[in-house]
Amino acid sequence: MGGAQAQSPGLRVPLLESPMLGENKAGQDDIVTITDSKTVDVVDDSNQLILQGGAQVRRADVILKGDRITYERELGRIRSEGHARLLQEGNLFTGEEIEYNVNTESGEFLGPIYSFADGSSGRADFADMLDRNHLRLFNATFASCPCPDPSWYLAAERVDIYDDENEGIARNAKVYVGDIPVFWSPYFTFPLRQEKKTGFLTPTFSYSSRSGADIIAPYFINLAPNYDATLTPRWLSKRGLMLGGEFRYLQPTYSGQLTAAYLPRDKHFNNQKRWTYGITHRHQLGSLFGFNFGFNLNWNKASDGNYFRDLDDLEVTEADRTYLNQSATLTFSGHQYWSGFLRWQQYQGLHDLNLNSETPGAGVYRQYERKPELLIRGARYDWGGFDLSTVNTLTRFEFPKFPAELNGAHFYWPKNRGHSRYDGTRLSSYSTVSYPIVRPGWYITPKLGLHFSHYETDWYRDLPNGGFWPQSGRGVARDRAQSRTLPIFSVDSGMTFERETTFFGKPSRQTLEPRLYYLYIPFRDQSGIPVYDTSVSQFGFGTAFTENRYSGGWDRINNANRLTLGLTTRWLDANSGLERLALQVAQSFSFEPQKVTLSNNEQLANNRSEFLASLSARLTDKLNTEAALQYDPYEKKIAQSSVSLRWNPKRLTSLSLSYRYQRDPLLNESGGIYSYQLPSKENLIVAGQWPITAKVNAVGRFDYSFKERRSTQSVAGIEYRSNCCWSARVLFQRYAVAQEKTNSRVFFQLELNGLGALGSDPMKTIRDSIPGYESTEVPVPVRSTFERYE
2 MGGAQAQSPG LRVPLLESPM LGENKAGQDD IVTITDSKTV DVVDDSNQLI LQGGAQVRRA
62 DVILKGDRIT YERELGRIRS EGHARLLQEG NLFTGEEIEY NVNTESGEFL GPIYSFADGS
122 SGRADFADML DRNHLRLFNA TFASCPCPDP SWYLAAERVD IYDDENEGIA RNAKVYVGDI
182 PVFWSPYFTF PLRQEKKTGF LTPTFSYSSR SGADIIAPYF INLAPNYDAT LTPRWLSKRG
242 LMLGGEFRYL QPTYSGQLTA AYLPRDKHFN NQKRWTYGIT HRHQLGSLFG FNFGFNLNWN
302 KASDGNYFRD LDDLEVTEAD RTYLNQSATL TFSGHQYWSG FLRWQQYQGL HDLNLNSETP
362 GAGVYRQYER KPELLIRGAR YDWGGFDLST VNTLTRFEFP KFPAELNGAH FYWPKNRGHS
422 RYDGTRLSSY STVSYPIVRP GWYITPKLGL HFSHYETDWY RDLPNGGFWP QSGRGVARDR
482 AQSRTLPIFS VDSGMTFERE TTFFGKPSRQ TLEPRLYYLY IPFRDQSGIP VYDTSVSQFG
542 FGTAFTENRY SGGWDRINNA NRLTLGLTTR WLDANSGLER LALQVAQSFS FEPQKVTLSN
602 NEQLANNRSE FLASLSARLT DKLNTEAALQ YDPYEKKIAQ SSVSLRWNPK RLTSLSLSYR
662 YQRDPLLNES GGIYSYQLPS KENLIVAGQW PITAKVNAVG RFDYSFKERR STQSVAGIEY
722 RSNCCWSARV LFQRYAVAQE KTNSRVFFQL ELNGLGALGS DPMKTIRDSI PGYESTEVPV
782 PVRSTFERYE
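Throughout, the working numbering is defined as the position within the sequence shown, counted from one, plus 1.
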């Protein structure tokens, strides 16, 4: 069995030259100097020197001490007896007798106790230093932990240490935790330093309700400093044996990685084969005509939509993953003010079909693909005080055709065309000119823009969404070619007032920051223009001061004669500048009704927008709170709200409480919700990290959905860390991967500092789940080879 570090460092490009300062190398200075002793005897015609009484001999890279030292100058052999001590580049050997040859840099040690510059240590019955690179230990112990009394150690009949290869090889080896053997291997390899090394990475094991026992034994292959590969055999008790792999590469002009996994027969999935692969490549192609060109490839595919829910080491934040991206992009930039890209982009859907009962004919499970898309962007700032910009895109949109069979259900389309939405091409251009006037305490920025769009649309007859062939004689005919031109005018302005005051008795500076934003866009009838990649933006502080209430593309541009008012006030600590309290409010007022809609069912905006308010307070250095409110003045109801509180009284101690509410969406005539609305939610989240004893810490999180009347995520765990050398973690997690599916996992990890970790690593889950989590690990400083210079 072999071992390698659990996490290899990143790839690096080989350098032809290294101008950095270096340490003294062998042969640079072979002058041996006698620095101290009570007596010196010269024998054998001055070839042999005998030093006694606190004797020591030095060379540029070696120091040897002892009660008695015999030095044979011609052979370069030095023997130290009684309290022998050898220090070589930060590595220290002590024992009763040491023999060392300064010419061959080899030696023998009787009963040595050793401590290496990297912090590892141990003892042996006998040690043989074969050369500068190779040390052989017999009946030895070895521990990578820098503690005086390590909690774990490796014991073996023979240990070979190869410094240049960063490898230790132990034969007939046992790993002891305390005095209890926990692992044995006839052949065991381990890294000496935190560098890449070929060998087995630490196996991981876990248990989940959907896959059963999960054992992974990755094998890392260090092909070169800028190439490496990892093979990952994996066994899942409920599913079967699968193989995964990863290949990484790095060159001065390109880099990337290839990943893949294959399960030939999934016992828990009708014995079907499951697989996935991913390709990521970034390439600098060079310069031409003053432009710097690059190429990016991001191509991912899976055998089925449930692959990542069933087989991936899925995090809660990825449980609602709905698409796999498949794109190839040619980029260009660097020619004064111009940049852009040419991209081909398509998707593989991974939707949870239980989340929506609508048929695929409504297109809810897929989205338009760009085949291809060309974008050219230009910008120039402070040109005589003016800022100019232009964004131009030419995109061919194609909607995936539905096959005759989809996820076990059959859907038939007229004349077997498989179309569920219309395809088309869109040319879009938006150019703006603004004149920012910025003065101390105030600013005003008028801006004028012109948006032009042209559509060439393939209308299809008899589609479920109501599309028709043009001039078909059925329904309303639609023009294949359509254009739209709209001017956009806005003025953004603001002021900042300050005054000296106090905050809970402490000197503070308060600011008052009013902001006014006016927007005018004339009305254009856009009901006949297709919708490819546009949706309604959710109103909030991030969208209150923007031009268009529609996000994504520009398939819809709202008419506007609107004024948005905002006000922010802050309390800043007078000494540190730390923000203690911030209060922000905003609301928009329309002087004409909103006429542009995304669909016939869309609810039109009222003359007054929802009222926005937010509060952020750092009441003490240990207590933070945030609150946000969105109030509908017409319905007289809260549309959205959130409150959070975090208490961090000391290191490794934190508690957080948050509440989120989103009102029920409006229903359309058929009883469904409008597509532009967010689904209703009411969630409570409690999370924390708390020390139980000086060495034991508890972590936990509980998410509860009042709407679903269930917990959407539960995390509970214990961390134990000794004074040094080792730690252990047990973590239980249960989370929703779909509306009607949950997954439970149990993590157990035993981490031996310097050797690796046994079990599955729960740290990413802990960091993602616990706000403000602090690692219990105390970093060990890197030791210099000169740290113990004598």
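Beta carbons are placed, not taken as given, at the ideal position from N, Cα and C, and that holds for glycine.
Item, Value
"Runs of beta strand (DSSP E) wholly within the segment 44–130 (minimum 3 residues, chain order)", "49–60, 63–73, 78–89, 92–102, 107–111, 114–116, 122–124, 127–130"
"Secondary structure of Tyr338, DSSP reduced to three states", "coil"
"Proximity winner among Glu501, Phe292, Tyr444, Arg371, relative to Gln346 (alpha-carbon distances)", "Arg371"
"Segment contact, 8 Å Cβ cut-off, at least three pairs: the segment 86–93 with the segment 57–71", "yes"
"Ranges of the beta strand (DSSP E) found wholly within the segment 266–325, counting only runs of at least 3", "273–289, 292–303"
"Runs of beta strand (DSSP E) wholly within the segment 524–612 (minimum 3 residues, chain order)", "535–537, 551–553, 561–574, 580–591"
"Residues bridged to Ile216 (per DSSP)", "Phe206, Trp236"
"Same chain, Cβ closer than 7 Å to Lys696, neighbours up to 5 away in sequence not counted", "Tyr721, Arg722, Ser723"
"Three or more C-beta pairs below 8 Å linking the segment 67–80 and the segment 40–55", "yes"
"CA-to-CA distance, Lys507 to Asp622, given in whole angstroms", "13 Å"
"From Arg397, Leu376, Phe400, residue whose alpha carbon lies closest to that of Thr391", "Leu376"
"Test item: CB-CB of Tyr518 and Leu579 under 9 Å", "no"
"Rounded straight-line distance, which links the Cα of Pro680 to that of Phe400", "25 Å"
"Three or more C-beta pairs below 8 Å linking the segment 295–311 and the segment 322–332", "yes"
"Alpha-carbon spacing of Ala225 relative to Leu244, whole angstroms", "23 Å"
"Simplified DSSP state of Lys26, which is helix, strand or coil", "The pLDDT assigned to Lys26 is 47, lower than 50, so where the model puts this residue is not dependable, and the model offers no usable value."
"Residue span of the alpha helix (DSSP H) that contains Asp769, given as start and end", "764–770"
"Spatial neighbours of Glu109 in its chain, beta-carbon cut-off 6 Å, leaving aside the 5 residues before and after", "Glu100, Asp129"
"Which residues DSSP lists as bridging Thr330, in chain order", "Asn297, Arg344"
"Neighbourhood of Leu513 by C-beta distance below 6 Å, restricted to the same chain and skipping five residues each side", "Phe498, Thr570"
"Reduced DSSP category for Asn625 - H, G, I as helix; E, B as strand; rest coil", "strand"
"Strand pairing of Asp424, partner residues [DSSP]", "Asp459"
"Proximity below 9 Å, CB of Val103 to CB of Ile79", "yes"
"6 Å CB neighbourhood of Ile216 in its chain, flanking five on each side removed", "Phe206, Trp236"
"DSSP-derived helix/strand/coil call for Ala695", "coil"
"Backbone CA spacing between Thr446 and Ser615 [nearest angstrom]", "25 Å"
"Exposure label - Glu778; buried when at least 16 CB within 10 Å", "exposed"
"Span separating the alpha-carbon of Leu286 from that of Asn223", "27 Å"
"Straight-line Cα distance separating Tyr551 from Ser536", "5 Å"
"Per DSSP, cross-strand counterpart(s) of Gly718", "Val700, Leu732"
"Helix, strand or coil at Pro187 according to DSSP, with G and I counted as helix", "strand"
"Collapsed DSSP secondary structure at Leu517 in the structure displayed", "strand"
"Boundaries (first-last residue) of the beta strand (DSSP E) holding Tyr660", "654–663"
"Cross-strand partners of Asn744 (DSSP beta bridge)", "Tyr736"
"For Leu451 and Arg427, the rounded distance between their alpha carbons", "17 Å"
"Spatial neighbours of Asp459 in its chain, beta-carbon cut-off 7 Å, leaving aside the 5 residues before and after", "Tyr423, Asp424, Gly425"
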